[in-house]
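Since the structure comes first, as structure tokens, the remarks are kept for the end.
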Amino acid sequence: MPAQIKEVAPNTTEPAVSRFWKHDVKVARDYNKTLGENEGEDLGKQFLEEWANLNGIDPSTLKTDTEESRLTQLQTLMDIVEDAQEDDVLRTLSMSVPSAAEVSKME
1317 MPAQIKEVAP NTTEPAVSRF WKHDVKVARD YNKTLGENEG EDLGKQFLEE WANLNGIDPS
1377 TLKTDTEESR LTQLQTLMDI VEDAQEDDVL RTLSMSVPSA AEVSKME
């Protein structure tokens, strides 16, 4: 019988952060359980395609191996990172969760 690991989420008074721990993490975990063995390989491509559609970019430009396609892919990934860095919930989580360097200092 495999060992059971209990997840512990921090108590928080901020609704958006609370939603992340109670809802978003569960959704991601449940989704990952539904992936087949090789489906994860296509997940990045699906993500970029969905992002392109949401931002008015032709998804086919992300699928070719041309220099223009690689530049579009790179710009798209940079836009995704920028959006994530501007997200208030991510900022709050980043400030409340210790970094690996901080944990190493505690040991």
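Numbering (our numbering) for the sequence shown: 1317 to 1423.
Each residue gets a CB set at the ideal place from its N, CA and C atoms; glycine is no exception.
Enclosing alpha helix (DSSP H) for residue i [first to last residue]
| i | result |
| --- | --- |
| D1404 | 1404-1412 |
Residues of its chain near residue i, where Cβ-Cβ distance is below 8 Å and the 5 sequence neighbours each way are ignored
| i | result |
| --- | --- |
| A1400 | L1406 |
| P1331 | none |
| L1351 | L1359 |
Interface flag, residue i vs chain E, CB-CB below 8 Å
| i | result |
| --- | --- |
| L1387 | Of the protein chains in the structure, only one exists, and it is not chain E. |
**Message:** Quick check for students: name the residue ranges of the alpha helix (DSSP H) that lie wholly in the region 1327-1386, counting only runs of 4 or more.
**Reply:** The alpha helix (DSSP H) runs of length 4 or more contained entirely in the region 1327-1386 are, from start to end of the chain, 1331-1335, 1341-1350, 1356-1370.
**Prompt:** Are the region 1372-1382 and the region 1393-1408 touching by the rule of at least three beta carbon pairs closer than 8 Å?
**Reply:** Fewer than three Cβ pairs drawn from the region 1372-1382 and the region 1393-1408 lie within less than 8 Å of each other, which leaves the two stretches out of contact.
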